[in-house]
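Number of protein chains: 2
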Amino acid sequence: MPDINPDRLLADLQELRQIGAYKTGVHRPTFSADDIRSRHWLEAKLTEAGLDASIDGIGNVIGRCRAPGGKLILGSHLETQPHAGWLDGALGVVYGLEVARALGQGIDVAAWTDEEGHYGSFLGSRSFIGALPEAEIDRCRFREDGTPLRDALARAGLAGRSRVQIDPARYLGYLEAHIEQGATLEDAGHRIGIVTAIVGSHRFKIVFEGVQNHAGTTRMAVRKDAGVALVRLANAIYDRFPMVAGPRTVWTAGHIALDPSAPSIVPGRAEMLFQFRDTDPAVLARLDQELEALVAAANRDGPCRVTLTEPGQSVPRAMDAGFQDALERAAERHAPGLHQRLPSGAGHDAQILAERLPSGMLFVPSIGGISHHYAEDTKPEDIVQGCQVFADAAAALLAGG
Amino acid sequence: MPDINPDRLLADLQELRQIGAYKTGVHRPTFSADDIRSRHWLEAKLTEAGLDASIDGIGNVIGRCRAPGGKLILGSHLETQPHAGWLDGALGVVYGLEVARALGQGIDVAAWTDEEGHYGSFLGSRSFIGALPEAEIDRCRFREDGTPLRDALARAGLAGRSRVQIDPARYLGYLEAHIEQGATLEDAGHRIGIVTAIVGSHRFKIVFEGVQNHAGTTRMAVRKDAGVALVRLANAIYDRFPMVAGPRTVWTAGHIALDPSAPSIVPGRAEMLFQFRDTDPAVLARLDQELEALVAAANRDGPCRVTLTEPGQSVPRAMDAGFQDALERAAERHAPGLHQRLPSGAGHDAQILAERLPSGMLFVPSIGGISHHYAEDTKPEDIVQGCQVFADAAAALLAGG
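Shown next, in the form of structure tokens:
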């Protein structure tokens, strides 16, 4: 089996970490100046590794192997959540680069645009599999300030470039490596995770409409306080969901905003971004019904109007059984007894690629399970070992199993 | 009794309304360019009315009567809440101007700075009664963007100007007119309100500290979600306060923020601005205890840490009995049977002036009770009649009761 180069791997990760460094982490939102720099950095690294590298019309960085024969495509993403960790996404991309170098041939490498969802949902990987219409690109805007994606692409010098589409005949499959972003491996003392399935998520914006008024002069009896309506519904969700959810379901209200959000004004409007995730479609359907019932009850009770808007969802996606086996065999070789199979609670580009190609994912441990925070980290020995396992599995799959 | 000039009164209000016009209301935050323009507009109007007018070192516009003899000081404020109504504050200031003109002498007029609390708490009226230390001015910042008050004063050309202080011997008392900002008068079919007392308010920033993490990979059992802690405490407040409050108590969480407030991140920190108001100090004390007990219970139950920070309060303040009688007699003359006494649920500069001078307040009806919103309005006939009542009461008080 091919040996990866641990020093080169760690040096590349450290170099990439400097682009948008924030405290001990990285701030590199999609199409920020630092994000664009990181894409050019990768393009140069892939070229240096002998791949035919380019950045396409959605910002995907793709390095193609020039040799004949079946290929695996390895990838992840370069952009980060705000003020987030240095490995999330970057690890899988640099693993791809290192495995391409270690194997010498058979590996294409990709950095998919906007896995972190600053402008949309899995834009890069969806573009690659042919599931991102031009009209959707027209509508996408930066969540922070509303900048159109088209403007961001133009500023990055990518307007008018074609978008690279998958040639399914070229590929045996897709492999992605990632930090676990949870503490399952660490708690079990394991060093490698083999992903069985990626959860599906259902997402909603819940809007509460009341009447804005003065917080001193408006009697409680006549108020239509949209903030109170939000608190009441969120509380009902937190009471009911544990009774209806599965053992691994998670649910989160990550964003709440009152309008106008002033201390002495009764809010006339409020909104909450709410999501839940599970690998079981039946559980997701049951939670949909529960949420709709709670919203209906809130509207029945009044006094504010509650609406479920902007629903979005991804379906749960199983990883290929043969790819899981290949990853497990490689893990057992390097970390005997210190690996496990587990579902991914986070979404990943692999769930998109899996629609068109056999796909597999490998996890390395996250220290303390911390993720989407600049304190996120993984031990260097886990980073190095994970890459070696990844390289072995890729070599085995290219060799026919 | 002196006749006011209805056309002049309404024309002045309409002129002032143009400064910072927003839809049907006004956007004139403290020391915005439009707010500063409005202060110069008033200074010119007061000068034109024969008063000795100036803008002092905190931005108060004060017009002083040049004639000898006891004086009343009449005032309110010029700045507005964001995108708020055209009469809130402006009405009382222009009433002062009109009454000064109608009576010819005995009236000083003031526009107090920042009653709306963009930089601090009652800065102008507290400065006037000698209750605003220089060190507090050093610390005050614009709530929206953190601009130091000192910078705003310098930009307005007021840095280094002295601050006018009250000469209690000069005054018989203070009178303020204001829109009701509630619907008590309208619901009763009344046209004049005589304020009995101004509520006291207790204000808190409640901070929730948990652990930020990934919303897909962090199991529910190990989460420390600061947003959930906020919802749980707010819900408990909304359950308990009705049992402990008085019949006219009001309580409001006008501002809620999660950190980092992203859809797929478990919030590690959250905060809520919470306040309650009542005219009865015993009720306020009881609610303090209740809130502290709920916070203690939240900390006992975990998993997040909850802290009551930045407490602020104003004490309930009764209006002078003689001033109430004078306002009531004038109201009965012009609107027989169509007036009532009522407490003020909103804070007003009169509660500050009342610490040093006998004080009284008159309310005119707010259409639909709407306030702090650009839709706020009062019928022209109510505006005119309110000013005549105000003028009669001022004349009677100057004449000795």
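These protein sequence lines are chains A and B, in that order. Reminder that position 318 of the first sequence reads as 318 in the working numbering, one-by-one numbering, no gaps. Reminder that position 294 of the second sequence reads as 1294 in the working numbering, one-by-one numbering, no gaps. No residue lacks a Cβ here, since even glycine has one placed at the ideal position from N, Cα and C.
- Taking a contact as a CB-CB distance under 8 Å, the pair Gly1075 of chain B and Ala1111 of chain B counts as one, their CB atoms being some 6 Å apart.
- A check of alpha carbon separations from His348 of chain A across A:Met319, A:His27 and A:Ala330 identifies A:Met319 as the nearest.
- For Val195 of chain A, same chain residues with a beta-carbon under 6 Å away, outside a window of 5 residues either side, are Met319, Ser344 and Met361 in chain order.
- When the Cα atoms are used, Trp251 of chain A and Phe274 of chain A turn out to be separated by approximately 7 Å.
- If you check the CB distance, Arg1163 of chain B and Ile1058 of chain B come in under 9 Å.
- If only uninterrupted beta strand (DSSP E) runs of at least 3 residues are considered, those enclosed by the stretch 1317 to 1392 of chain B are 1339 to 1344 and 1359 to 1364.
- The criterion of a C-beta distance shorter than 9 Å is not satisfied by Arg1356 of chain B and Ile1062 of chain B.
- Residue environment analysis places Ala1296 of chain B among the exposed positions, since fewer than 16 neighbouring C-beta atoms fall within 10 angstroms of its C-beta.
- By alpha-carbon distance to Ala1135 of chain B, the top candidate from B:Asp1145, B:Leu1149, B:Gly1020 and B:Ile1129 is B:Leu1149.
- Secondary structure note for Lys45 of chain A: its alpha helix (DSSP H) is the uninterrupted segment Ala33 to Glu48.
- Arg1161 of chain B and Asp1056 of chain B have their alpha carbons spaced roughly 6 Å apart.
- For Met1220 of chain B, at least one C-beta of chain A is nearer than 9 Å to its own C-beta.
- Taking every protein chain shown into account, the CB of Ala262 of chain A has 16 or more other CB atoms within 10 angstroms, so this residue is buried.
- Assigned with DSSP and collapsed to three states, Asn213 of chain A falls in strand.
- Shown here, Leu397 of chain A sits in a helix according to DSSP, grouped into three states.
- The alpha-carbon separation between Leu158 of chain A and Arg1300 of chain B amounts to approximately 55 Å.
- For a Cβ distance threshold of 8 Å, residue set Gly1216 of chain B lies close to Val199 of chain A, ordered along the chain.
- Listed in chain order, the non-local C-beta contacts of Thr1307 of chain B below 6 Å within the same chain comprise Val1207, local neighbours out to five positions each way being set aside.
- Setting aside the 5 residues that flank it on each side, His1372 of chain B is surrounded in the same chain by Gln1081, Ala1084, Gly1085, Asp1088 and Gln1181, each with a C-beta closer than 8 Å to its C-beta; the list follows chain order.
- Only those residues of the stretch 1253 to 1270 of chain B whose C-beta falls short of 7 Å from the nearest C-beta of chain A are listed: Ala1253, Gly1254, His1255, Ile1256, Leu1258, Pro1260, Ser1261, Ala1262, Pro1263, Ser1264, Ile1265, Val1266 and Pro1267.
- In this structure, Gly400 of chain A keeps its C-beta atom at 9 Å or more from the C-beta atom of Tyr95 of chain A.
- With fewer than 16 other CB atoms across the displayed protein chains lying within 10 angstroms of its CB, Met1243 of chain B is exposed.
- Under the three-state reduction of DSSP, Val164 of chain A is assigned to coil, being neither helix nor strand.
- For Asp301 of chain A, the enclosing alpha helix (DSSP H) begins and ends at Pro281 to Asp301.
- DSSP places Thr307 of chain A within a strand segment (E or B) once states are collapsed to three.
- Excluding five sequence positions before and after Arg1126 of chain B, the CB atoms of its chain that fall closer than 8 Å to its own CB belong to Leu1132 and Ile1352, given in chain order.
- Non-local beta-carbon contacts of Ala90 of chain A in its own chain, meaning distances under 6 Å to residues more than five positions away in sequence, involve Leu16 in chain order.
- In the three-state reduction of the DSSP assignment, Gly254 of chain A falls in the strand class.
- In the structure shown, the three-state DSSP call for Thr1113 of chain B is coil.
- Shown here, Met1001 of chain B sits in coil according to DSSP, grouped into three states, outside any helix or strand.
- Chain A places a beta carbon closer than 9 Å to that of Val1231 of chain B, counting this residue as a contact.
- In this structure, DSSP gives Thr196 of chain A an extended state, which the three-state scheme calls strand.
- Pairing Arg1064 of chain B with Ala1183 of chain B, the inter-Cα distance amounts to about 35 Å.
- Contact check for Arg248 of chain A against Arg1223 of chain B fails: the beta carbons are separated by 9 Å or more.
- Contact between Gly193 of chain A and Phe323 of chain A fails: their C-beta atoms lie close to 14 Å from each other, not under 8 Å.
- Between Gly69 of chain A and chain B, the shortest Cβ-Cβ separation is not below 9 Å.
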